[in-house]
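Trainee: Heads up, the sequence shown is in the numbering used here, so the first residue is 1 and it goes up one at a time. Beta carbons: idealized from backbone N, C-alpha and C, even for Gly.
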Amino acid sequence: MENSALINILSSPKRIVIVCHKNPDGDAMGSSLGLYHYLTLKGHHAMVITPNEYPDFLDWLPGNETVKNAKDIPQFAKDRIAEAEIIFCLDFNTLSRIDQLATPVEQSAAYKVLIDHHQQPQQFDFMWHRVEASSTCQLVFEFIEMLGDKALVNKDIASCLYTGIMTDTGSFRFPSTVAKVHRIIADLIDAGAENSVIHRNVFSAYTESRLKLLGYCISERLTVIPEKATAYISLSKDELKKFGFVPGDTEGIVNYPLDIKGIKLSAIFIEREDGVKISFRSVGQFSVNQFSRAHFGGGGHDNAAGGQSTLSLQQTVEKFVTLLDSYAQDIINS
Ligand code: 5GP
Ligand code: MN
1 MENSALINIL SSPKRIVIVC HKNPDGDAMG SSLGLYHYLT LKGHHAMVIT PNEYPDFLDW
61 LPGNETVKNA KDIPQFAKDR IAEAEIIFCL DFNTLSRIDQ LATPVEQSAA YKVLIDHHQQ
121 PQQFDFMWHR VEASSTCQLV FEFIEMLGDK ALVNKDIASC LYTGIMTDTG SFRFPSTVAK
181 VHRIIADLID AGAENSVIHR NVFSAYTESR LKLLGYCISE RLTVIPEKAT AYISLSKDEL
241 KKFGFVPGDT EGIVNYPLDI KGIKLSAIFI EREDGVKISF RSVGQFSVNQ FSRAHFGGGG
301 HDNAAGGQST LSLQQTVEKF VTLLDSYAQD IINS
């Protein structure tokens, strides 16, 4: 669809719902709230609805108090989605990523817009999608630019968008951090994003128990398989309970094994009520998106993907270790 069609739709105030993927991360919340501030500024009636709760280290984001968690108020969420004129779907590629909101969004007569950077997206009425983009926050910035409104990017919008670019690029170090990303970041700082404050808000907001859980994962739960360039961590429900787990506490732990020289694939297996949640990270050519799609019902990006398993924690880890036999060469050569 032509950009002009969307520009036309947005030319008068609309009832708009913004949804992001379940277990929202910095990019999901930053892009949703960044877009929310922009649309509100333009006179639209906008609202961010999340499928479930998100970590405390994101609750300082401007506009946080306006976000509706559909798990708390399911009927309200369904009603807003049903009566929306436009639904923006942010930071996910298929409706299955929004759990219980998938059916209401599918059934809503609203005009549906996707803004996302994950591979293999499903079809939406309007797609602002680029796999090479560092983050959905980058795409929201470019979307606002396309609409001719770059000058409207204020401190609130800039702070939100900075956050997601920062978290999705691993603080500007992943290969997706091309020069253009730094130029956008410079624009966001010019617009009022306090980069140093944002870093501390997101990365230096650990509770004591979260820091101890991280230490425990590394000292007690890390298995390294040097000959397969792989390392992984697994955590049981009981272990999480012992450390007073709250959502967000395990965020980022999966990155640490990649700090070992020679390790190119990392995984974390987390036992939950409804199965095992898995995160994969890789460096180089080995695509964890493909690996997770093929074996763990998940997906994501080439170097960062998630998945799940209904096997026990131990069986899930065993399945992973067995699979490594056939992938070892690809991982090592990655
Ligand atoms: P994480 O490991 O941090 O949960 O997710 C890493 C990346 O993979 C994120 O971009 C996330 O949106 C995506 N992802 C996580 N879990 C899944 C999943 O089950 N399916 C798909 N398609 N993507 C996922
Ligand atoms: Mn993202």
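(1) Does the Cβ of E251 have 16 or more other Cβ atoms within 10 Å, making it buried, or fewer, making it exposed?
(2) Does the contact criterion of 3 or more C-beta pairs under 8 angstroms hold for the region 179-188 versus the region 70-79?
(3) Near S209, which residues of its chain fall below 7 angstroms by C-beta distance, leaving aside the five closest residues on each side in sequence?
(4) Please report the straight-line C-alpha distance between F76 and A328, rounded to a whole angstrom.
(5) Skipping 5 residues on each side, what residues in its chain have a beta carbon closer than 6 angstroms to that of L39?
(6) Apart from the five residues on each side of it in sequence, which residues of its chain come closer than 6 angstroms, Cβ to Cβ, to A158?
(7) CB of H117 to nearest heavy atom of the ligand MN: below 7 angstroms?
(8) Rounded C-beta distance between H118 and G300? I'm assuming under 8 angstroms.
(9) Taking the alpha carbon of A205 as the point to measure from, which residue in G43, L6 and D56 has its own alpha carbon closest?
(10) Any heavy atom of the ligand 5GP within a distance shorter than 7 angstroms of the CB on F286?
(11) Report buried or exposed for R97, applying the criterion of at least 16 other Cβ atoms within 10 angstroms of its Cβ.
(12) Out of curiosity, what's the CA-to-CA distance linking I86 and S12?
(13) Provide the residue(s) that pair with H129 in DSSP beta bridges, ordered along the chain.
(14) Measure the C-alpha to C-alpha separation of N289 and L152 and round it to an integer number of angstroms.
(15) Who does A308 pair with in a DSSP beta bridge?
(16) Note down the Cα distance separating L235 from L101, rounded to an integer number of angstroms.
(17) Considering only DSSP beta bridges, list what Y111 is partnered with.
(18) Please give the ranges of any beta strand (DSSP E) in the region 224-310, keeping only runs that are unbroken, at least 3 residues long and fully inside the region.
(19) To the nearest angstrom, how far is the alpha carbon of A133 from that of T169?
(20) Please report the distance separating the alpha-carbon of F296 from that of L213.
(21) Under 8 angstroms between the Cβ atoms of L10 and F126?
(22) Please name the residue, chosen from P175, D325 and K241, that lies closest to Q285 on a Cα-to-Cα basis.
(23) Going by C-alpha distance, which of F320, L265 and L222 is nearest V276?
(24) Since I185 contacts I165 with CB under 8 angstroms, what's their CB separation in whole angstroms?
Mentor: Walking through what the data contain:
(1) That one is buried.
(2) Contact fails: fewer than three Cβ-Cβ distances are below 8 angstroms.
(3) The residues are F243 and G244.
(4) Pairing F76 with A328, the inter-Cα distance amounts to about 49 angstroms.
(5) Once the five neighbours on either side are set aside, the close Cβ partners of L39 are I16 and A46.
(6) Residues of the same chain with a CB within less than 6 angstroms of the CB of A158, apart from the 5 flanking positions on each side, are L188, A191, G192 and A193 in chain order.
(7) Checking the Cβ of H117 against the ligand MN gives yes.
(8) Right, their Cβ atoms sit about 6 angstroms apart.
(9) Looking at the Cα atoms, D56 is the closest of the given residues.
(10) Remark: the C-beta of F286 is outside contact range of the ligand 5GP, defined as less than 7 angstroms to any heavy atom.
(11) That one is buried.
(12) So the alpha carbons of these two residues sit roughly 12 angstroms apart.
(13) Answer by DSSP bridge pairing, in chain order: D116.
(14) C-alpha separation (whole angstroms): 36 angstroms.
(15) Sequence check: residue 308 is Gln here, not Ala. Partner residues in the beta bridge of Q308, as assigned by DSSP, are K277.
(16) One C-alpha to the other measures close to 29 angstroms.
(17) DSSP links Y111 through a beta bridge to I86.
(18) Counting whole runs of 3 or more residues, the region 224-310 contains the beta strand (DSSP E) stretches 230-235, 265-272, 275-282 and 304-309.
(19) If you draw a straight line from the Cα of A133 to the Cα of T169, it is about 10 angstroms long.
(20) Straight-line Cα distance between these residues: approximately 25 angstroms.
(21) Contact flag unset, no.
(22) Of the candidates P175, D325 and K241, the one whose C-alpha sits nearest the C-alpha of Q285 is P175.
(23) Among F320, L265 and L222, the Cα nearest to that of V276 is on F320.
(24) That pair is a contact at about 6 angstroms.
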